[in-house]
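Numbering (numbering that gives the first Met the number 0), first residue to last: 0 to 369. Idealized CB from N, CA, C, for every residue including glycine.
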Amino acid sequence: MQQLEEIKVLSFDFNFIGCRAWAIICLSLAFVWQLYTIFILVGLHESVSGIRYSRYLQLAKVSFGPKLGKFLAKFPLMYTSGGTERFLVFTCMAILIAQLPNLNSMAKVSLIGATTAIGYCTLILVLSITKGRPTGISYDQSDAMKSNMKKFSDMLNARAIIALAFRGHNVILEIQGTLPSDQNQTSYKPMCRAVTISYIVIAMSQFPLAIVPFNGGLLSAYSQIHGPKTSKLMMGLIYLLVLVNRLCTFQVYAMPAFDNMEMSYITKKKKPCSKWVRTLLRILFGGLTFLAAVALPFFGSLTLLMGGIALPLTFAYPCFMWIAMKKPRPNRVVWSINLVLGCFGIVFSVLIVLKIRLLQALLIDTFVRN
Numbered sequence: 000m001q002q003l004e005e006i007k008v009l010s011f012d013f014n015f016i017g018c019r020a021w022a023i024i025c026l027s028l029a030f031v032w033q034l035y036t037i038f039i040l041v042g043l044h045e046s047v048s049g050i051r052y053s054r055y056l057q058l059a060k061v062s063f064g065p066k067l068g069k070f071l072a073k074f075p076l077m078y079t080s081g082g083t084e085r086f087l088v089f090t091c092m093a094i095l096i097a098q099l100p101n102l103n104s105m106a107k108v109s110l111i112g113a114t115t116a117i118g119y120c121t122l123i124l125v126l127s128i129t130k131g132r133p134t135g136i137s138y139d140q141s142d143a144m145k146s147n148m149k150k151f152s153d154m155l156n157a158r159a160i161i162a163l164a165f166r167g168h169n170v171i172l173e174i175q176g177t178l179p180s181d182q183n184q185t186s187y188k189p190m191c192r193a194v195t196i197s198y199i200v201i202a203m204s205q206f207p208l209a210i211v212p213f214n215g216g217l218l219s220a221y222s223q224i225h226g227p228k229t230s231k232l233m234m235g236l237i238y239l240l241v242l243v244n245r246l247c248t249f250q251v252y253a254m255p256a257f258d259n260m261e262m263s264y265i266t267k268k269k270k271p272c273s274k275w276v277r278t279l280l281r282i283l284f285g286g287l288t289f290l291a292a293v294a295l296p297f298f299g300s301l302t303l304l305m306g307g308i309a310l311p312l313t314f315a316y317p318c319f320m321w322i323a324m325k326k327p328r329p330n331r332v333v334w335s336i337n338l339v340l341g342c343f344g345i346v347f348s349v350l351i352v353l354k355i356r357l358l359q360a361l362l363i364d365t366f367v368r369n
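This is how it looks when you write it as structure tokens:
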């Protein structure tokens, strides 16, 4: 359901790529790539010895070593868990629901969140198509005042946002950990069926909303362009569905952060985490998230930077985890595919973080000298 939330801006980014066909190809490749890494994580959930790795951080430590695994995965996990709070009232509501102890108890919350995500995506899509494009409105980017480097930077940013639209790998293992497993029937096949069904639904909601013209993809643009022609009841329903979705999304994506905080407490104190301690930890996490959202007004401008740091969780680390855990013979096809995808994911992450500023500076300096 979080992916459906991110898809709202994709049709806007399609305009910066220049060719809608290439944009659709990029979206499709990113979709298949992240789906492949999800199945890698599902396959690594249970080891040959029977140990179940129900935490992304736990699997990272086993794959890369305790120190390196913690270094690579902990901050991205915390970032992907806390990016959904905005206002005080909403924070209090989210913290209240966050007192549910585990993912099993959040099944209904997750179902409500997924339903509302499909609902508001469908409403925006259908209403945008039926309303049509207003006269005199263009959704194409203006290239008149842009240099070639600016256009190239916009294209890179657009591809980065397409890649960052996919997330959820940080909770896949935790969800699989709630499924029963024994020697006769492991959780692998049921989880694969669940992932397949879920991503069919996501694709059915995701691709139409991203491919249709810009007025169907961005909620804020829809309200500005078609808001006066749409009934207040319908606009209110869309915003209500978005609010409920964000409220439910926080609970699911924050669970890895809650588990990490509780595990740190248990490790240091050498005793179980009581109900009161669990409550205080979740209030603390929600409060810190609210503080970051309010006290750092420029945080939105760091989306690509923070997303680039977290990107390997989705596209790179699972590939390297598979190589580290399975230890396949080098130069085989599957080994080569995972190595190439993992390396490419790391390189793409670095490009997003740096946003090729150094390259831009060098090229600009070269043009000035010439």
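A direct Cα-to-Cα measurement between R245 and S53 gives close to 24 Å.
Cα atoms of F206 and I24: separation of roughly 11 Å, rounded to the nearest angstrom. Under the 10 Å beta carbon count, F284 is surrounded by 16 or more other beta carbons and is classified as buried. Judged by beta-carbon spacing, L172 lies within the 8 Å limit of L58, meaning their Cβ atoms are closer than that value. One thing to note: A72 has its Cβ within 8 Å of the Cβ of Y316.
P75 counts as buried, since no fewer than 16 other beta carbons sit within 10 angstroms of its beta carbon. Looking at Q182, I199, A209, D181, the one whose alpha-carbon comes closest to that of A164 is A209.
In chain order, L246 place their CB closer than 7 Å to the CB of M92, counting only its own chain and leaving out the 5 sequence neighbours on each side.
Here E45 is bridged, per DSSP, to R51.
Judged by DSSP secondary structure, R192 falls within the alpha helix (DSSP H) whose first and last residues are 187-210.
Cβ neighbours of A323 within its own chain (closer than 6 Å, five residues either side excluded): S62.
Following the DSSP letters along the chain, one finds A291 inside the alpha helix (DSSP H) bounded by residues 274-294. Q250 is not a Cβ neighbour of M77, given a cutoff of 8 Å.
In this structure, S180 sits near E45, with a CB-CB distance shorter than 8 Å.
Ranked by Cα distance from Y187, the first of C120, L279, G118, V41 is V41. Of the candidates I351, F319, I196, R51, the residue whose Cα lies closest to the Cα of I336 is F319. Boundaries of the alpha helix (DSSP H) around F249: 231-268.
Secondary structure note for A323: its alpha helix (DSSP H) is the uninterrupted segment 316-325. In the three-state reduction of the DSSP assignment, P329 falls in the coil class, being assigned neither a helical nor a strand state. Taking the Cα positions, L338 is about 13 Å away from W32. Inter-residue distance for I196 and R166 is about 17 Å (C-alpha atoms, whole angstroms). The C-alpha of K325 lies about 49 Å from the C-alpha of L236.
The three-state secondary structure of S180, taken from DSSP, is coil. Classified as buried, R281 has 16 or more neighbouring CB atoms from the shown chains inside 10 Å of its CB. Between Y55 and P311, the beta carbon gap of about 12 Å keeps them out of contact (Cβ cut-off 8 Å).
Nearest neighbour of L242 by Cα position, chosen from F257, T90, W21, turns out to be T90. The beta carbon of R277 sits closer than 7 Å to those of E261, all from its chain and outside the five residues before and after it, given in chain order.
With a cutoff of 8 Å on beta-carbon distance, I308 and V346 are scored as not near each other.
Annotated as distal: F314 and V194, with beta-carbon spacing of 8 Å or more.
R328 sits close to W334, with the two beta carbons spaced by under 8 Å. In this structure L34 touches Y198 by the C-beta definition: roughly 6 Å separates them, less than 8 Å.
The DSSP-derived three-state label of A97 is coil. By a beta-carbon distance limit of 8 Å, G118 does not contact L232. Their separation comes to about 15 Å. With fewer than 16 other CB atoms across the displayed protein chains lying within 10 angstroms of its CB, N103 is exposed.
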